[in-house]
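*Asks:* Residue numbers (our numbering): 43 to 234.
Even glycine gets a Cβ: it sits at the ideal position worked out from N, Cα and C.
Computed from a predicted structure; not experimentally measured.
1) Classify residue 174: buried if its beta carbon has 16 or more other beta carbons within 10 angstroms, exposed otherwise.
2) Around the Cβ of residue 139, are there at least 16 other Cβ atoms within 10 angstroms (buried) or fewer (exposed)?
3) Report all residues from its chain with a CB closer than 6 Å to the CB of residue 165; omit the five preceding and five following residues, and keep chain order.
4) What are the boundary residues of the beta strand (DSSP E) that includes residue 129?
5) Put residue 63 into one of helix, strand or coil per three-state DSSP.
6) Judging by CA-CA distance, which residue of 119, 131, 150 and 163 is the nearest neighbour of residue 322?
7) Quick check on DSSP: helix, strand or coil for residue 108?
8) From residue 235 to residue 108, what distance separates their C-alpha atoms?
9) Straight-line CA distance for residue 102 to residue 111?
10) Can you look up residue 180 in the DSSP assignment and give me helix, strand or coil?
11) For residue 127, which residues in the same chain have their Cβ closer than 6 Å to its Cβ, ignoring the five residues on either side in sequence?
12) Can you tell me where the beta strand (DSSP E) with residue 193 in it begins and where it stops?
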């Protein structure tokens with residue numbers, strides 16, 4: 043077996059093979075970049091009455107997001123997404139791909155068929171490493187005061203279970219909160 047190893051080293055040296063030595067976590071890494079991983083970072087638009095988009099899938103009316111940083115580890119190679127959201131990196135095999143530094147008004151979208159999270163574990167050669175971002179204002183940004191969606195929840199109070207209090211009046215049993223984009227709302231009590 044040692045003779046075979048020596049033979050391989052001699053043969054590879056004879057044909058000009060060389061591996062670039064790098065240090066990763068204090069150890070020498072002699073892997074040679076052999077595979078390209080690539081994908082798209084795109085703006086995931088909301089589904090509404092006039093748009094039949096699918097969350098986590100890049101639909102025809104959704105555009106790429108430019109300038110997102112994409113890094114693959116353990117090789118620590120980095121690139122930024124192009125104007126159409128596309129990106130590619132050459133890695134030495136399996137990699138952990140991280141997406142960072144996207145525009146502050148965007149947030150990671152729902153996990154879907156073509157969109158994973160901002161950290162993905164991929165195989166070398168994977169060309170579908172996509173990441174979707176959405177703007178929360180797309181869902182509730184056009185609301186005006188009084189048009190916020192209502193969040194209904196039961197209200198539990200100590201007292202008679204029949205819905206009347208000591209004054210023989212109907213007791214509130216449900217609460218509706220007008221839930222705005224800032225996470226705060228006006229509480230309305232409903233007598234049910």
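*Replies:* So, from the listed chains and residues:
1) Along the chain shown, one-based indexing puts residue 174 at 132. It is buried - the Cβ of residue 174 has at least 16 other Cβ atoms within 10 Å.
2) Sequence index remark: in the chain shown, residue 139 carries index 97 (1-based). Residue 139 comes out buried.
3) On the chain shown, residue 165 is found 123 positions in, with the first residue counted as 1. Its chain contains 136 as the residues whose beta carbon lies nearer than 6 Å to that of residue 165, once the 5 sequence neighbours on both sides are disregarded; these appear in chain order.
4) Your numbering for residue 129 matches position 87 in the chain shown. Taken as a continuous stretch (DSSP letters only), the beta strand (DSSP E) holding residue 129 covers 128-133.
5) One-based indexing of the chain shown puts residue 63 at position 21. Bear in mind that the predicted position of residue 63 carries a pLDDT of just 48, short of 50, making it unreliable; the figure below should be weighed with that in mind. DSSP places residue 63 in coil when its eight states are reduced to three.
6) In this structure the chain extends from 43 to 234, so residue 322 is not present and cannot be described.
7) Stepping through the chain shown from its first residue, residue 108 is reached at position 66. Correct three-state label for residue 108: coil.
8) The chain is shown from 43 up to 234; residue 235 falls before or after that span and cannot be answered.
9) Numbered from its first residue, the chain shown carries residue 102 at position 60. Numbered from its first residue, the chain shown carries residue 111 at position 69. Each residue's Cα considered, the two are about 23 Å apart.
10) By one-based count along the chain shown, residue 180 stands at place 138. Residue state, collapsed to three classes: helix.
11) Start at 1 with the first residue of the chain shown, and residue 127 comes out as number 85. Only 82, 83, 84, 106 and 107 meet the Cβ criterion.
12) Here residue 193 is taken as the residue at index 151 of the chain shown, counted from 1. Its beta strand (DSSP E) spans residues 192-196.
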